[in-house]
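Here the structure comes first, spelled out in structure tokens, and everything after it is commentary.
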Amino acid sequence: MATTFHTALENLRSTRVWKSIFRRGPAITNRTRSVAVFGNLFLHWLPVKVREKSLRVRAAYYLGSLSLLLFILLVVTGVLLMFYYHPAAPKAYHDMKDLRFVVSNGVFLRNMHRIGAHLMVLLVFAHMFHVFYRGGFKPPHEFNWVVGVVLLLVTLFLSYTGYLLPWDQLAFWAVTVGTNIISAMPLIGNKIRFVALGGNIVGENALLRFYVLHVVILPLIAFLFIGVHFWRVQKDGGLTVRSKDDDDGKN
Amino acid sequence: MQNSVPENASQKLGVSRRDFLSEITVGALGIAGLGGAALTYQYFSPNVLFEPSTTFRAGNPDLYPVNSVTFLQDQLVYIVRTPAGFFAVSAVCTHLGCVTQWKPEANMIACPCHGSKFQPDGKKIEGPAPRPLPHYSINLTPDGELLVDKLTTIKADQVLKA
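As given, the protein sequences belong to chains L and P, one line each in that order. The working numbering puts the first sequence at residues 6 to 256. The working numbering puts the second sequence at residues 60 to 221.
Rendered as structure tokens:
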């Protein structure tokens with residue numbers, strides 16, 4: 006069976022289509038393995054070689070990966086929710102109710118999105134605390150720490166903009182109170198609040214603005230910074246954050 | 060050769076052609092960027108709002124008995140009438156924007172969100188609210204109705220004489 010599979014794989018690799026996609030033979034030597042990584046868009050930013058030490062990870066190191074996983078989950082469930090949601094008052098509220106009581110599996114998707122969002126905020130904070138207490142902001146990781154802070158803010162803004170979308174009393178007052186904090190800014194506060202809400206009160210314009218921010222602008226910013234964040238993890242020498250003393254020791 | 064530019068022309072000006080052109084370019088891009096930012100700001104400031112009008116008629120003054128506080132639900136304004144006259148007090152708490160409630164039994168305006176308390180004329184009694192409730196401009200229309208303008212705040216001692 007194993008030889009049959011092996012032969013089938015060999016045959017597949019010798020086809021013209023395979024060769025046109027990967028443009029090289031099997032990765033069986035160190036050189037061909039390196040070339041395989043360099044020549045792939047999705048792998049080329051990964052280091053070709055890593056230290057064994059940097060692969061030794063503990064459970065707490067998964068916090069960042071779990072945040073990414075939740076982000077992907079939220080994108081998938083969010084896109085699915087968009088099929089039944091109109092960002093208009095008062096339709097938005099009825100759509101949310103329909104998702105809960107009328108649409109098949111709608112309540113499952115909505116709760117997955119909602120609870121997933123709460124969990125992501127929690128995990129991103131846990132990730133930040135872990136990195137902070139491990140000294141992960143120290144050189145050469147300072148820049149990636151700053152990128153991480155941006156991602157924390159993007160996560161909070163995503164959470165906040167999404168909070169308005171059910172268009173219920175909780176959403177309305179949370180955003181009323183939150184945007185009133187903006188107007189406490191001297192001189193320009195009221196103007197910024199007016200532009201953020203598209204009016205003087207939390208109305209249809211505000212709902213549409215928060216919707217566009219929530220489903221287009223903030224996710225794009227998040228994608229961009231997540232890409233930089235993961236890329237820098239590799240370029241800064243892997244996940245393991247250890248001082249030189251630790252490296253010398255048996256730890 | 061007589062018409063050619065002297066070799067030290069750029070030295071005379073103290074700036075090379077390349078630097079001049081790049082400074083011009085950066086300057087032009089900067090002006091264009093500022094203009095773009097201004098246009099974007101204008102675009103995001105709506106000119107027509109589908110919100111309740113900020114100026115409204117509050118009806119005939121006789122609707123409001125002396126020593127009364129009347130809450131206008133649609134406008135979030137209290138029309139207060141004292142022996143001295145009328146004033147219009149905002150019903151929106153100055154703390155975080157919740158709608159306050161008139162408590163006639165306690166003779167105070169109270170906020171349900173964080174417990175701020177105000178006198179009927181908007182003066183702060185206690186609570187996290189940092190400022191008293193603002194007074195809106197209140198006037199009479201030519202046909203004798205009360206007219207409140209919520210975009211104009213006036214001093215608390217300005218009273219529309221009854």
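We put the CB at the ideal spot given by N, CA and C, even for glycine.
Output the distance between the C-alpha atoms of P:Leu-210 and L:Ala-179, rounded to the nearest integer angstrom.
-> 24 Å
Span separating the alpha-carbon of L:Ile-33 from that of L:Lys-54 | 15 Å
Contacts that L:Phe-199 makes with chain P (C-beta to C-beta distance below 7 Å) | Ser-104
From P:Phe-146 to P:Leu-122, what does the alpha carbon distance come to, in whole angstroms?
-> 14 Å
Rounded to whole angstroms, what's the CA-CA distance from P:Phe-115 to P:Leu-131? Just pull it up for me.
-> 11 Å
Near L:Arg-198, what residues of its chain come up, given a Cβ to Cβ distance below 7 Å and the 5 sequence neighbours on each side ignored?
-> Thr-184, Ile-187 and Ser-188
Residues of chain L with CB under 7 Å from P:Gly-156, in chain order?
-> Chain L residues near P:Gly-156: Thr-181, Val-182 and Asn-185.
Rank P:Val-158, P:Ile-197, P:Asn-166 and P:Val-74 by C-alpha distance to the C-alpha of P:Lys-220 and give the top, closest one.
-> P:Ile-197
Consider the Cβ of P:Thr-211: report whether some Cβ of chain L lies at a distance smaller than 9 Å.
-> no
Straight-line Cα distance separating P:Pro-163 from P:Glu-204 = 25 Å
Could you confirm whether any beta carbon from chain B is found closer than 9 Å to the beta carbon of P:Cys-172?
-> In the structure shown, chain B cannot be found, because the protein chains are L and P.
Closest Cβ-Cβ distance between L:Trp-23 and chain P: below 9 Å?
-> no
Enclosing alpha helix (DSSP H) for L:Asn-110 [first to last residue] = Counted as a single uninterrupted DSSP element, the stretch harbouring L:Asn-110 is not any alpha helix (DSSP H), since DSSP gives it neither H nor E.
Measure the CB-CB distance between L:Leu-156 and L:Gly-121 and report whether it falls below 9 Å.
-> no
Quick one: list the residues of chain L neighbouring P:Tyr-195, beta-carbon separation under 7 Å, in chain order.
-> Neighbours of P:Tyr-195 on chain L: none; closest Cβ ~14 Å, over 7 Å.
Determine whether the Cβ of L:Ile-206 lies closer than 9 Å to any Cβ atom of chain P.
-> yes
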